[in-house]
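Residue numbers (this note's numbering): 81 to 362.
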């Protein structure tokens with residue numbers, strides 16, 4: 081299934097994409113795409129519904145984040161061998177973990193806002209997933225049973241904050257609008273193999289990232305296992321898994337985003353996002 085959230089900001093409703101590509105309203109089935117609504121039992125309940133029996137969403141309705149505000153938003157750094165190389169970093173011996181602020185999550189086509197004091201705003205196409213079943217000290221062989229589905233994340237980053245302002249990477253990762261998610265959440269029964277998905281990102285029509293999940297160092301089953309050794313993952317928690325090469329920081333000289341720039345972000349089978357960069361707004 082392809083699941084979405086649609087409607088104005090703060091008023092999104094759950095929906096699914098039917099066989100004709102139209103959005104159907106799931107409000108009568110689940111309250112939102114969050115928490116226990118992402119459990120196996122809930123997803124089975126959705127799958128049993130005839131999409132034609134559900135009302136259509138308004139034509140042209142905005143798509144919000146495909147997961148409602150997560151309780152936890154964990155990211156994995158330097159998780160692609162070719163991206164580690166472009167940033168002159170060694171291959172990590174263990175996953176590099178950091179948090180993005182849960183309230184940085186926005187819709188797939190919402191504007192990305194330049195934060196105050198920003199000097200080096202950057203892009204990162206990433207494969208993300210959401211937890212559907214509580215994960216606590218999970219064995220790697222059992223890990224995928226805890227995943228509800230997959231989607232695109234643009235891990236928007238401010239490199240001056242992240243690298244040059246000292247301390248944790250979180251400084252450059254959790255600003256407002258730094259977490260576009262979607263357009264769809266694709267459930268694990270539909271996307272069964274994430275080992276070689278094409279990933280790309282364009283800035284103003286120029287393809288700057290053109291990679292694949294095949295160069296991912298730590299795969300999703302291992303990440304669920306690993307992260308669950310350090311924290312309990314709850315239904316609705318989001319994990320984003322790293323980016324292939326082609327980020328602005330990796331260019332020589334580096335290239336960074338400015339107001340008016342347009343990003344298009346895609347992963348095979350998971351759709352396309354598009355964001356416009358806008359100046360800081362109160």
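Glycine is no exception: its CB is placed at the ideal position from the N, C-alpha and C atoms.
Taking the alpha carbon of residue i as the reference point, which residue from the options has its own alpha carbon closest?
| i | options | result |
| --- | --- | --- |
| residue 84 | 192, 338, 351, 360 | 351 |
| residue 295 | 212, 270, 321 | 321 |
| residue 165 | 331, 89, 338 | 331 |
| residue 139 | 87, 286, 345 | 87 |
| residue 281 | 250, 341, 245, 227 | 341 |
| residue 319 | 326, 308, 327, 328 | 308 |
| residue 293 | 152, 207, 248 | 207 |
| residue 253 | 337, 261, 236 | 236 |
| residue 347 | 182, 209, 336, 306 | 209 |
| residue 149 | 125, 175, 160, 113 | 113 |
| residue 312 | 345, 146, 212, 334 | 212 |
| residue 270 | 94, 116, 123, 90 | 123 |
| residue 231 | 251, 89, 144, 328 | 144 |
Tell me whether residue i is buried or exposed, calling it buried when 16 or more other Cβ atoms sit within 10 Å of its Cβ.
| i | result |
| --- | --- |
| residue 284 | exposed |
| residue 239 | buried |
| residue 274 | buried |
| residue 234 | buried |
| residue 317 | buried |
| residue 133 | exposed |
| residue 199 | exposed |
| residue 104 | buried |
| residue 204 | buried |
| residue 272 | exposed |
| residue 82 | buried |
| residue 121 | exposed |
| residue 244 | exposed |
| residue 362 | exposed |
| residue 167 | exposed |
| residue 187 | buried |
| residue 92 | buried |
| residue 360 | exposed |
| residue 111 | exposed |
| residue 117 | buried |
Who does residue i pair with in a DSSP beta bridge?
| i | result |
| --- | --- |
| residue 354 | 344 |
| residue 105 | 95 |
| residue 84 | 95 |
| residue 320 | 155, 208 |
| residue 287 | 282 |
| residue 129 | Answer is none; residue 129 lacks a bridge partner. |
| residue 423 | Limits of the chain in this structure are 81 at one end and 362 at the other, which puts residue 423 out of reach. |
| residue 259 | 185 |
| residue 266 | 82, 230 |
Checking contacts by CB at 8 Å: is residue i closer than that to chain D?
| i | result |
| --- | --- |
| residue 342 | Note that chain D does not occur in the displayed structure, where there is just one protein chain. |
If contact is defined by three or more beta carbon pairs under 8 Å, each pair taking one atom from either stretch, is the segment 99-112 in contact with the segment 265-282?
no
Do the segment 189-201 and the segment 246-264 make contact, defined as three or more Cβ pairs closer than 8 Å?
yes
Ignoring anything shorter than 3 residues or poking outside the segment 149-219, list the beta strand (DSSP E) runs there in chain order.
153-157, 176-179, 205-211
Tell me, please, whether the segment 153-161 touches the segment 117-137 by the rule of three or more beta-carbon pairs shorter than 8 Å.
no
For the segment 218-228 and the segment 353-361, state whether three or more C-beta atom pairs, one from each stretch, are separated by less than 8 Å.
no
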